[in-house]
Every structure is written in structure tokens, then in C-alpha cells.
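Asks:
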Amino acid sequence: MAKLQWQASYSVGVPVLDAQHKSLLRLINRLEAEGDRAGMVAYVFDELDAYIREHFRDEERLMAAAGYPDLEPHKAEHRRFNDWLSSVKVAYNSGGVSAFYITETVGNFLKDWLVGHILGSDMAYKDHLS
Ligand SMILES: [Fe+2]
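FYI, in this note's numbering the residues of the sequence shown are 3 to 132.
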């Protein structure tokens, strides 16, 4: 797949959130280019842990502060991401799947997340936050 490029239309109008979304885009590109590199799984898990910890926290705070009406369903989507990541870690740590399988799975999930969540659910709060 061609490298993903950030587009102006991806912006949710809040610089800190855009920067965090850009880092996810970079991660998808790295997975595509170097998914079979040694140490990639640990790197990806670290990046996604930070993404959940910092980005979801910032986004949820800003939505709450703006009185965004669909905060709860949005938070539920974030929780599903969290649950998905936990299940991927369990699969990997059980030794039943290869590192390459994990990076492929994660890359595909993140591409779906980009389209479905960032360009869908996140765009829905754009007018409330910016
Ligand atoms: Fe979100």
C-alpha cells in the first residue's frame, strides 16, 4: 500500500489532537514498511499504550469541556480500542501467533480505525471543539 499522507481534511481543528492523529498515521506507515523488523511488536505496543493514555485522555477531556453530547458513545469506542489492544497482547504473549502476524493485524486494525473512527466519529466533534 502507498504511504499514507496527512490531508487537511483529516484535521479535527484542534492542533494537539491532530498531532496525535499524525503520530498514528506515522505508526501505520512504519508497520507497513518495517512490520517484520525485530523489536517492532514491543515498539508498537508501547506506541499504542501511549496513544490510549495521552490521546484518548486529551480528546475525552476536550469533548467533556465543550459539553459534547455524544461523549459517552465516543468513550465506548475508545474502550473498545483498549479491549482490542489487550486481546492482541494476550494473543502475542501466549506465544500462539508470530510477531509478523501481530504487526499485520495491528496495521489493518489501525487503517480501519483511521477511516471509521478518526475520519468518522472524531469528525463529528469538530464543530463543537473548534
Ligand atoms: Fe476519538
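For glycine and all other residues, C-beta sits at the position ideal for the given N, C-alpha and C.
From a predicted model like this one, the values you see are computed outputs, not experimental measurements.
Quick check: is any heavy atom of ligand 1 less than 7 Å from the C-beta of Glu61?
Replies: Yes, ligand 1 has a heavy atom inside 7 Å of this Cβ.
Asks: May I have the straight-line CA-CA distance separating His76 from Leu6, to the nearest angstrom?
Replies: If I take the Cα positions, the gap works out to 25 Å.
Asks: Compute the distance between the beta-carbons of Leu19 and Glu61, then report whether it is under 8 Å.
Replies: yes
Asks: Sorted by chain position, which residues of the same chain lie with C-beta nearer than 7 Å to Ile104's C-beta, five sequence neighbours on each side aside?
Replies: Val43, Val90 and Tyr94
Asks: Applying the 10 Å Cβ sphere with the 16-neighbour rule, what's the burial state of Val108?
Replies: buried
Asks: Short check: CB of Val14 to CB of Lys113, under 8 Å?
Replies: No, they are not a contact pair.
Asks: State yes or no: is the C-beta of Glu56 within less than 8 Å of the C-beta of Gln9?
Replies: Contact check for Glu56 against Gln9 fails: the beta carbons are separated by 8 Å or more.
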